[in-house]
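Undergrad: Quick note on the numbering used here: the sequence shown kicks off at 51 and runs consecutively.
Don't be surprised by glycine CBs; every beta carbon is placed ideally from N, CA and C.
Keep in mind that this is a model prediction, so the values were computed, not measured.
One structure follows; several queries about it will come next.
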Amino acid sequence: MAHMRIGQLAEATGTTTKTLRFYEESGLLTPAERLASGYRDYTDEAVGQVGFIHRGQAAGLTLAQIRQILEIRERGQTPCSHVQGLLGERLDELDAQITELLALRETISHLHANASKPDPNSCSADQVCRYL
């Protein structure tokens, strides 16, 4: 089992030492053993833990949700059904965002079409721009 200091773990996982300290303080990353010098001494397992955190974030999960998943695993249970529920909620959120974005796109498209032939003389002094 390889051992590494925090800077090496940061490099191996594409993150920063500050982020790793935050993950450790937040209970997301198993605290590292300390060497006599006081340096953190991480194992290869930490690379996998940080990778899991990053994959969870990439899926749009919050750090609190990721922590819940890790806590379920630490209790010796499989978190699969919990993860399935979280991902289902995330899909619902994305669908709602897509619907909102499509409506916004339609609004902006309409505004853009109205502004396609600008006529500065048609703007009144009390308007900043008549197209908005």
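In three-state terms, what does DSSP make of T149?
TA: The residue you call residue 149 lines up with position 99 of the sequence shown. Reduced to three states, the DSSP call for T149 is helix.
Undergrad: Could you tell me which whole beta strand (DSSP E) segments of length 3 or greater appear in the stretch 122–146?
TA: Qualifying beta strand (DSSP E) stretches: none in this window.
Undergrad: For the beta strand (DSSP E) containing Y92, list its first residue and its last residue.
TA: Numbered from 1 along the sequence shown, position 42 holds the residue referred to as residue 92. Start and end: R90 to T93.
Undergrad: Could you tell me the boundaries of the alpha helix (DSSP H) in which Q58 lies?
TA: To locate residue 58, count along the sequence shown from 1; it is residue 8. It spans I56 to T63 - the alpha helix (DSSP H) in which Q58 sits, taken as one unbroken run.
Undergrad: Could you tell me the distance, in whole angstroms, from the CA atom of G135 to the CA atom of L141?
TA: For the purposes of this step, residue 135 is taken as the residue at position 85 of the sequence shown. For the purposes of this step, residue 141 is taken as the residue at position 91 of the sequence shown. G135 and L141: Cα-Cα distance of roughly 10 angstroms.
Undergrad: Is it true that the stretch 58–71 meets the stretch 100–114, where meeting means three or more beta-carbon pairs spaced less than 8 angstroms apart?
TA: A contact exists between the stretch 58–71 and the stretch 100–114.
Undergrad: For P129 versus I119, is the C-beta distance shorter than 7 angstroms?
TA: Numbered from its first residue, the sequence shown carries residue 129 at position 79. Numbered from its first residue, the sequence shown carries residue 119 at position 69. A contact, by the Cβ cut-off of 7 angstroms.
Undergrad: In chain order, what residues of the same chain lie with their CB nearer than 6 angstroms to the CB of M54, ignoring the 5 residues before and after it?
TA: Residue numbering aside, residue 54 sits at position 4 when the sequence shown is read from its first letter. Excluding positions up to five away in sequence, the list reads Y92.
Undergrad: Answer yes or no: do A96 and R90 have a C-beta to C-beta separation smaller than 7 angstroms?
TA: Translated into positions along the sequence shown, residue 96 becomes position 46. Translated into positions along the sequence shown, residue 90 becomes position 40. No. Outside cutoff.
Undergrad: Judging by CA-CA distance, which residue of E150, D94 and K167 is the nearest neighbour of T80?
TA: Looking up residue 80 in the sequence shown gives position 30. The option with the nearest alpha carbon to T80 is D94.
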